[in-house]
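Counting the sequence shown from 1 gives a position; the working numbering is that position plus 1.
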Amino acid sequence: MELIRVLIVDDNDDTRRNICQMLSFDEQIVVVGEANDGVEAVQKAQDLQPNVVLMDINLPGLDGFSATEKITTDVPGTAVVVTSAQGEKEYLRKAMMVGARDFLVKPLRKEDLINTIKNVFKIENKRTGQNDIKKMPRKSEVITVFGTKGGVGKTTIAVNLAVYLAKCKQKVVLLDFDLQFGDISIFLNLYPRRTISELTQEGDAWDMELLESYLLPHISGVKALPAPSRPEYAELVMSGHIEEIINLLKDHYDYIVIDTSPFFNDTNLTALDLSTQILLVLAMDLATIKNVKLSLELLESLQHLNKTKLILNRASDDMGITIADAEETLNFLVAGHIPSEGKIVVPALNEGIPFVLSHPTAKVSKAIQEVGNLVLKDNGYQEDLRIKQNKNFFTRLFNRGD
Ligand SMILES: Nc1ncnc2c1ncn2[C@@H]1O[C@H](COP(=O)(O)OP(=O)(O)OP(=O)(O)O)[C@@H](O)[C@H]1O
Ligand SMILES: [Mg+2]
Numbered sequence: 002m003e004l005i006r007v008l009i010v011d012d013n014d015d016t017r018r019n020i021c022q023m024l025s026f027d028e029q030i031v032v033v034g035e036a037n038d039g040v041e042a043v044q045k046a047q048d049l050q051p052n053v054v055l056m057d058i059n060l061p062g063l064d065g066f067s068a069t070e071k072i073t074t075d076v077p078g079t080a081v082v083v084t085s086a087q088g089e090k091e092y093l094r095k096a097m098m099v100g101a102r103d104f105l106v107k108p109l110r111k112e113d114l115i116n117t118i119k120n121v122f123k124i125e126n127k128r129t130g131q132n133d134i135k136k137m138p139r140k141s142e143v144i145t146v147f148g149t150k151g152g153v154g155k156t157t158i159a160v161n162l163a164v165y166l167a168k169c170k171q172k173v174v175l176l177d178f179d180l181q182f183g184d185i186s187i188f189l190n191l192y193p194r195r196t197i198s199e200l201t202q203e204g205d206a207w208d209m210e211l212l213e214s215y216l217l218p219h220i221s222g223v224k225a226l227p228a229p230s231r232p233e234y235a236e237l238v239m240s241g242h243i244e245e246i247i248n249l250l251k252d253h254y255d256y257i258v259i260d261t262s263p264f265f266n267d268t269n270l271t272a273l274d275l276s277t278q279i280l281l282v283l284a285m286d287l288a289t290i291k292n293v294k295l296s297l298e299l300l301e302s303l304q305h306l307n308k309t310k311l312i313l314n315r316a317s318d319d320m321g322i323t324i325a326d327a328e329e330t331l332n333f334l335v336a337g338h339i340p341s342e343g344k345i346v347v348p349a350l351n352e353g354i355p356f357v358l359s360h361p362t363a364k365v366s367k368a369i370q371e372v373g374n375l376v377l378k379d380n381g382y383q384e385d386l387r388i389k390q391n392k393n394f395f396t397r398l399f400n401r402g403d
């Protein structure tokens, strides 16, 4: 039985004690902390990562609505249940707008309280599909940058993301699984003597020492495994090799960033299977939108949709198709936007210096940093965005006529 970890927020000592007592009757629920004001609530939610927060509204300092909003945006995987002596519709609406999952009117009854917590926990688990994984000390994040259209910017994003993560003091390895025409070495100005195709010829007894000897260090701190030097060597690399490489690296690196070729082939499918996050790259032309739609359908059938973030590359205002139109067509929300900035991106590629290093304050670098922050926090998923979108909808609705 999986325990449900609860944080109780109320400025009244007796109420907190009462709630604790009621919850002690259920063996699945465990109270991991208490807070008596909004600021403490946010801090404890971040530190303790509870499954459910019971949140009173009238709190000194930061009120319960503001604390709920902060927790629902900053602590993914934690659901908030608002508790209040006021049961008016206006309170209920406000609670929904800030992202609360349920609302209980005081005085609280034991059965209601326990059932609500269990229900919210069940829904939250289904929603993220990842709570189990999140609670385990995850050794490594595997991030695959994917897209079934050539030239959409997969390598540009993978390389600059890896370098940004390394700048954030993470231990990062970048794998070039675009096995025929991989160009990570060019992006990083590296000159590989040996590549993944030679690695596959090393027999069965691979160990970390051997694999590490194939990784090329970049000045940013990123280590890179280059793609084969010739397209015909790509066929030496089997999905079993991909699996072994990822599994070996998982114990030694914080982030494994993978660049891919634009196909659903065996090796890419293996990388997607083993990924904890997938960045699917979108561009605003009809051909790419059609490809992304088909890719999303396939990712859904492979049950990979809940780890997919859609990243729009070369976003600009004059593309003839609006982002909202694309999102509606795809039935999927865009998590990150990277602007088109040829004057920075193309010379960076030609010089072999990632632009997040050479131009850290450029718009395109800032955008990669934002995507990197989504990756670091493991948020920016369709469901997170949908809540945000609903919130915006409510905000617009209630602010009409202001
Ligand atoms: N945001 C951007 N602004 C301007 N140019 C860009 C941007 N993103 C990518 N490019 C340019 O587009 C070209 C293709 O980018 P990239 O090689 O990253 O795509 P890819 O998806 O990896 O392509 P392939 O499928 O061939 O591997 C490169 O010349 C790159 O400099
Ligand atoms: Mg590429």
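Where is the CB? At the ideal position from N, CA and C, for every residue including glycine.
For residue j and residue i, the rounded distance between their alpha carbons
| i | j | result |
| --- | --- | --- |
| Glu-91 | Lys-168 | 45 Å |
| Val-81 | Ser-240 | 42 Å |
| Cys-21 | Leu-249 | 45 Å |
| Ile-388 | Ala-325 | 16 Å |
| Ala-284 | Glu-70 | 32 Å |
| Thr-289 | Gly-148 | 9 Å |
| Gly-373 | His-338 | 12 Å |
| Ile-322 | Ser-221 | 37 Å |
| Asp-177 | Leu-303 | 23 Å |
| Val-121 | Gln-390 | 20 Å |
| Val-223 | Asn-161 | 10 Å |
| Phe-182 | Val-238 | 13 Å |
| Thr-145 | Lys-155 | 9 Å |
| Leu-93 | Ile-118 | 17 Å |
| Met-23 | Val-31 | 11 Å |
| Asp-255 | Leu-175 | 11 Å |
| Glu-371 | Ile-279 | 16 Å |
| Arg-102 | Leu-299 | 30 Å |
Where residue i falls, given that 16 or more other Cβ within 10 Å makes a residue buried
| i | result |
| --- | --- |
| Pro-227 | buried |
| Lys-414 | Any property of residue 414 remains undetermined from this structure, which presents the chain solely from 2 to 403. |
| Lys-150 | buried |
| Gly-204 | exposed |
| Ile-5 | buried |
| Leu-287 | exposed |
| Ile-95 | Sequence check: residue 95 is Lys here, not Ile. The residue in question, Lys-95, is buried, as its Cβ has 16 or more Cβ neighbours within 10 Å. |
| Phe-26 | exposed |
| Pro-218 | exposed |
| Gly-343 | exposed |
Spatially closest choice to residue i from the options, by CA coordinates
| i | options | result |
| --- | --- | --- |
| Glu-233 | Gly-222, Lys-224, Ser-198 | Ser-198 |
| Asn-19 | Ser-67, Pro-108, Asp-38 | Pro-108 |
| Asp-179 | Val-76, Phe-264, Leu-299, Asp-27 | Phe-264 |
| Leu-331 | Pro-218, Leu-105, Asp-319, Leu-297 | Leu-297 |
| His-360 | Asp-48, Asp-208, Val-164, Val-7 | Val-164 |
| Arg-194 | Arg-231, Lys-172, Met-209 | Arg-231 |
| Ala-368 | Ile-354, Ile-9, Arg-315, Glu-352 | Arg-315 |
| Thr-79 | Gln-44, Ser-341, Glu-112 | Gln-44 |
| Lys-111 | Thr-16, Gly-100, Ile-158, Gln-47 | Thr-16 |
Coarse secondary structure for residue i, derived from DSSP in three states
| i | result |
| --- | --- |
| Leu-175 | strand |
| Ala-284 | coil |
| Ser-262 | coil |
| Arg-315 | strand |
| Leu-303 | coil |
| Asp-12 | coil |
| Glu-210 | helix |
| Gly-241 | helix |
| Ala-363 | coil |
Report yes or no: do the stretch 31 to 45 and the stretch 61 to 68 share at least 3 C-beta pairs separated by less than 8 Å?
Yes, since at least three Cβ pairs between the stretch 31 to 45 and the stretch 61 to 68 fall closer than 8 Å, the two stretches touch.
Query raised in the report: Do the stretch 380 to 387 and the stretch 332 to 351 make contact, defined as three or more Cβ pairs closer than 8 Å?
Result: By the Cβ test, the stretch 380 to 387 is in contact with the stretch 332 to 351, since at least three Cβ pairs between them sit closer than 8 Å.
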